[in-house]
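Student: Keeping their order, the protein sequence lines are chains A and B.
Heads up: the first sequence begins at 750 in my numbering, then just goes up one per residue.
Heads up: the second sequence begins at 750 in my numbering, then just goes up one per residue.
Just so you know, even glycine gets a beta-carbon here, dropped at the ideal spot from N, CA and C.
There are 2 protein chains.
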Amino acid sequence: MKQSADVINNIVSVLQVSLPTDKDFIVLHEPSFQGNEWNYVKDCLDTGWVSSVGKYVDRFEEMLQEYTGVKRAVAVVNGTAALHICLKLVGVERNDEVLLPALTFIATANAISYCEAVPHFVDSCYKTLGLDPIKLGNYLHDIAEVKNGACYNKVTGRRIRAVVPMHTFGHPVDLDTLVEVCERFKLELIEDAAESLGSYYKGRHTGNWGCVSALSFNGNKIATTGGGGAILTNDESLGRLAKHLTTTAKIPHRWEFMHDHVGYNYRLPNLNAALGCAQMEKLPRFLEEKRALASVYQRTFSEIDEVSFFTEPDFATSNYWLNVIRLSTEWKHLRDEILQVTNDRGLMTRPVWKLLCDLPIYAYAPKMDLSVARELEKTIINIPSSSFLGAPYAKA
Amino acid sequence: MKQSADVINNIVSVLQVSLPTDKDFIVLHEPSFQGNEWNYVKDCLDTGWVSSVGKYVDRFEEMLQEYTGVKRAVAVVNGTAALHICLKLVGVERNDEVLLPALTFIATANAISYCEAVPHFVDSCYKTLGLDPIKLGNYLHDIAEVKNGACYNKVTGRRIRAVVPMHTFGHPVDLDTLVEVCERFKLELIEDAAESLGSYYKGRHTGNWGCVSALSFNGNKIATTGGGGAILTNDESLGRLAKHLTTTAKIPHRWEFMHDHVGYNYRLPNLNAALGCAQMEKLPRFLEEKRALASVYQRTFSEIDEVSFFTEPDFATSNYWLNVIRLSTEWKHLRDEILQVTNDRGLMTRPVWKLLCDLPIYAYAPKMDLSVARELEKTIINIPSSSFLGAPYAKA
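#1: Which partner residues of A:N1146 appear in the DSSP bridge assignment?
#2: Of the choices B:T997, B:E1052, B:G886, B:P1109, whose alpha-carbon is the least far from that of B:V763?
#3: Let's see if you can read the secondary structure: which residues bound the beta strand (DSSP E) around A:E810?
#4: Cα separation between B:P882 and B:V1056?
#5: Given that a residue counts as buried once 16 or more other Cβ atoms are within 10 Å of its Cβ, and exposed if not, what is B:E985?
#6: Measure the Cβ-Cβ separation of A:L1071 and A:N1131 and say whether it is below 7 Å.
#7: Once you ignore the five residues that flank A:E865 on each side, which residues in its own chain have a CB closer than 8 Å to its CB?
#8: Below 8 Å on the Cβ atoms is my contact criterion, and I expect A:I855 with B:T997 to pass it. Report the Cβ-Cβ distance as a whole number of Å.
#9: For the beta strand (DSSP E) that contains A:F870, what are its first and last residues?
#10: With 9 Å as the C-beta to C-beta threshold (strictly closer), list the residues of the region 754–784 of chain A near chain B in chain order.
#11: Between the region 865–875 of chain A and the region 1111–1121 of chain A, do at least 3 Cβ pairs fall closer than 8 Å?
#12: Would you call B:Q783 buried or exposed, if buried means 16 or more other Cβ atoms sit within 10 Å of its Cβ?
#13: Leaving out five residues before and five after A:S873 in sequence, what residues of the same chain have Cβ atoms less than 7 Å from its Cβ?
#14: Just curious, the beta strand (DSSP E) that B:F1058 is in, first and last residue?
#15: Any idea if B:G840 is buried or exposed, counting beta-carbon neighbours within 10 angstroms, 16 or more meaning buried?
#16: Taking B:P1100 and B:R1084 to be in contact with their CB atoms under 8 Å, please state how far apart those CB atoms are, rounded to whole angstroms.
#17: Between B:Y789, B:D795, B:H778, which has its C-alpha nearest A:E786's C-alpha?
#18: CA-CA distance, B:I861 and B:T995?
#19: What does A:P1100 reach in chain B if we use C-beta pairs closer than 9 Å?
#20: Could you tell me whether the Cβ atoms of B:V826 and A:V826 are closer together than 7 Å?
#21: From B:M1029 to B:A972, what does the alpha carbon distance come to, in whole angstroms?
#22: Helix or strand or just coil, what does DSSP make of B:E846?
#23: Pairs of beta-carbons, one from the region 939–956 of chain A and one from the region 1087–1099 of chain A, closer than 8 Å: are there three or more?
#24: Just checking my contact of B:N1068 with B:K1103 at CB under 8 Å: how many whole Å lie between their CB atoms?
#25: Would you mind stating whether B:C900 and B:L936 have Cβ atoms separated by less than 7 Å?
#26: For B:A1023, which of B:Y816, B:G803, B:L927, B:T770 has the nearest alpha-carbon?
#27: Cα-Cα, which of B:E779, B:V823, B:Q814, B:L813 is closest to A:W798?
#28: Applying a beta-carbon distance threshold of less than 8 Å, which residues of chain B neighbour A:W1146?
#29: If you compare alpha carbons, which of B:K791, B:L1088, B:V913, B:Y949 is closest to A:H1002?
#30: Is any beta-carbon of chain A found at less than 7 Å from that of B:S1136?
#31: Measure from the alpha carbon of A:L964 to the alpha carbon of each residue in A:D792, A:V761, A:A830, then state which is nearest.
#32: Throw me the rounded Cβ distance for the B:Y950 and B:F1064 pair, which I believe falls under 8 Å.
#33: Going by alpha carbons, who is nearest to B:V1045 out of B:S962, B:S801, B:F1058, B:R1034?
#34: Taking its Cβ as the centre, do 16 or more other Cβ atoms sit within 10 Å of A:A754, making it buried, or is it exposed?
#35: Less than 7 Å between the beta carbons of B:G978 and B:T817, yes or no?
#36: Going by beta-carbon coordinates alone, are A:A1112 and A:E1037 separated by less than 7 Å?
This is the structure we're talking about:
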């Protein structure tokens, strides 16, 4: 009979053997600045263009468009701001409900709160770790009705305006199935692609299915601008509106101050965009390294039974932003002990987020059965995932 | 009889003689990066600490505290975000009214809108270009009443919660008089000090009178972080809450995600804070240069009658962030022509903001008589003010 200590030691050993580094503490994700970061940032300082307009903002937006294939990318100050504006763009209003996974980062729900709308929590699925579109469809069949082209919650009486799936740790949700649910129930689709830059669903980059989508370039993401985000859309008029609303809604004029909306100061500074341009140049390499590391983890963890390494869904090519192991049912009671021991031994690990519906601030929000999300919450552990850790394993 | 063309030529000549530069186009305000900017920014890239936590964020906040004399400074992503949180911190709620000058940048009103509160526009005074506290006191005497320790608008029935003066172009409003009005009418005072870093009222730095105050470090400000801002307060518990609310309201834990408020992602990235630290080191020099330039303008413009150069109120030592000339009544009809000719000749000038109550988005908002603000709107022209323009005039 296996002992708890053996289980924990096995996990530590597999992590140690997988990670080619002599660092004393291996964090979950750290950025890599081996490209043109210095050159571009120094150019900003040398020319004085550090602030809200500048060539790197334009270039960064163009690089995002080219890379993701969307028609318009609008750089903003962070992913939360991107989500906030996405919700505004699809018409989310006070007292609307917005569907989102219970298992996501707080920003997804907060952005809904900023619109004075009500988060409505949806379960996840084991295949993607993200929102389960089939379970959502069945749930809406029971609780929702479509009237005059809009969806209403029969229980609360409120309009349900949109659904915001999040591509958890870079693994895309089943977008085709979700699009079908959205069409059936007249819901706007917003992809929270904060974690999925470099992740593809059926060969096309995430962020192309939503009416609008949000990216993040926080310091822990696969590519970073220090702090930053972007709004993606294939609707050019929404793209123009996104740029307008995030830049104080000022009507261009040589000197006059005319603003036609209550706009936002969500502009990404040129200094941060410069960093982003250099990071985007390196993104293909980061992806190779991260996928190589995931491949090593997949092999090394296959040798122990206590945990399983999470791999991309069959319809996806994922960025493996944060790698995930799941504890088997037998050993999930050891989660906190494993977190304790690994962190004590210099291997940073972390559980997934607490289900948002369990935070007192969101206890008021409606929710469906969340049994899968609850099981995932108890069993997921994130393990070190920085791209440099995969470098020795990636093709030269 | 003087001709319009002579007036305009006189103004152009005075600007040209005042400005010691051979640049083809002299902008209103450009930053100067002659200090440790590159060293500190490079340090962020070399160490990988570019994002939302890092030593430069801490150091920048300490430098702001030391410089302004407030107990707590909290660095945030920009001045608009700082104002938004200031309003939340003093308890502004949906349908409250908040008093602010009609003559200010759109951010002051937008931050009020983000709280679902109602801007209520106040007149300015000639002495400071900012909110007129005496006229405000008289107005409140007529339209407001204090009940149960709170101020109510007898006309609209709404609670009036706070007043947000803005220190226009760096010139402080008469804070002692305004504090007295706030005490009389039970209003919270928030200083919009976005433009007044380095400006003192009766020898003490602006931002010390408000319950909370907001700074901006946008690219056009006297010191810049690319984009950035700060919340200032002498109330340590409000300072802690400001930090908490602007950093997603996460309760510190080694790995758990517990958030106890609907918080904001308003963190200033370490990369931008690094720039801010270097700029703060140079701030005393920037002030010398800017005050030297203002002094030159004061002398050169004294030689023509058509305009007067605006100088600091007697109770203030101002940063002269953006220099101001005011057209005499006789020539104010030439404003747009002067703007046209000066900009065409490579001398950037700009009118003051359109009164916010005249924007369709704020037409619904209550307002008092705004005759002084209207006159200022018609007669103010901002002229080039970058610190480097004053360098040849400042003490070595």
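Tutor: With the structure as the only source:
#1: Any question about residue 1146 of chain A goes unanswered here, given that chain A covers just 750 to 1145.
#2: B:E1052
#3: From DSSP, A:E810 is part of no beta strand (DSSP E) but of the alpha helix (DSSP H) over 804–817.
#4: 26 Å
#5: exposed
#6: yes
#7: E842, R843, N844
#8: 6 Å
#9: 867–871
#10: E779, P780, S781, F782
#11: yes
#12: exposed
#13: P850, L852, G879, L880, D881, V1121, A1122, L1125
#14: 1056–1058
#15: exposed
#16: The beta-carbon distance between B:P1100 and B:R1084, rounded to whole angstroms, is 6 Å. This is short enough to meet the 8 Å contact definition.
#17: Among B:Y789, B:D795, B:H778, the Cα nearest to that of A:E786 belongs to B:D795.
#18: 17 Å
#19: W1004, E1005, F1006
#20: yes
#21: C-alpha separation (whole angstroms): 7 Å.
#22: strand
#23: no
#24: Not quite, the Cβ-Cβ distance comes to about 24 Å (not below 8 Å), so this is no contact.
#25: yes
#26: B:G803
#27: B:E779
#28: The structure shown has nothing for residue 1146 of chain A, since chain A only spans 750 to 1145.
#29: Its Cα nearest to that of A:H1002, the residue B:L1088 stands out among B:K791, B:L1088, B:V913, B:Y949.
#30: For B:S1136, the answer is no, since every Cβ of chain A falls outside 7 Å of its Cβ.
#31: A:A830
#32: 6 Å
#33: B:F1058
#34: With fewer than 16 other beta carbons inside 10 angstroms of its own, A:A754 counts as exposed.
#35: no
#36: no
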